[in-house]
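Student:
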Amino acid sequence: MNRRDEIENLNEAMREASNKRLYERYLAVRLYLEGHTFTEIGTLLNRAYQTISRYWTTYRKNGLEGLELDHSPGKPVKLTDEQLDELANTVEKKQPADLHDSR
Numbered sequence: 002m003n004r005r006d007e008i009e010n011l012n013e014a015m016r017e018a019s020n021k022r023l024y025e026r027y028l029a030v031r032l033y034l035e036g037h038t039f040t041e042i043g044t045l046l047n048r049a050y051q052t053i054s055r056y057w058t059t060y061r062k063n064g065l066e067g068l069e070l071d072h073s074p075g076k077p078v079k080l081t082d083e084q085l086d087e088l089a090n091t092v093e094k095k096q097p098a099d100l101h102d103s104r
């Protein structure tokens, strides 16, 4: 597939993207195909050079499908399983008045 076709495929994907993050990934790859550097794109999108580079590498390896979003795990949980169970139990069975701190 030539560069012009790739850009047109990205434009179509961008039109259909309902998720802002996915749209941004498509845009980053399109801008790179248009001749912008990773640094320029990162500045434009307020993303790190490495992030833009990763989008490009993923696109090259897996195409548009590679840019689709996986579940973002977020920060690691800091509570133990026991603490999570206790918290769930408290939320489920107690009223705010039951939790009043008498300091």
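Mapping to our numbering: the sequence shown position 99 is 100, numbers consecutive.
Glycine is no exception: its CB is placed at the ideal position from the N, C-alpha and C atoms.
None of the values given here were measured: they were computed from a predicted structure.
1) Span of the alpha helix (DSSP H) holding K79?
2) Count the CB pairs spanning the segment 29 to 37 and the segment 82 to 89 that are closer than 8 Å, and state whether there are at least three.
3) So, does the CB of I8 fall closer than 7 Å to a CB anywhere in chain C?
4) Thinking just about the alpha-carbon of each residue, which of M15, L100, L32, L46 is nearest to the one in E69?
5) Report yes if the CB atom of L46 is closer than 7 Å to the CB atom of Y27, and no otherwise.
6) Whole angstroms are fine: how far does the CA of G64 sit from the CA of A18?
7) Quick check on this structure: which residue in N20, G67, D71, A29 has the alpha carbon closest to the alpha carbon of Q51?
Tutor: Looking at the atomic coordinates:
1) Per DSSP, K79 belongs to no alpha helix (DSSP H) and is neither H nor E.
2) no
3) Of the chains in the structure shown, none is chain C; there is only one protein chain.
4) M15
5) no
6) About 15 Å.
7) A29
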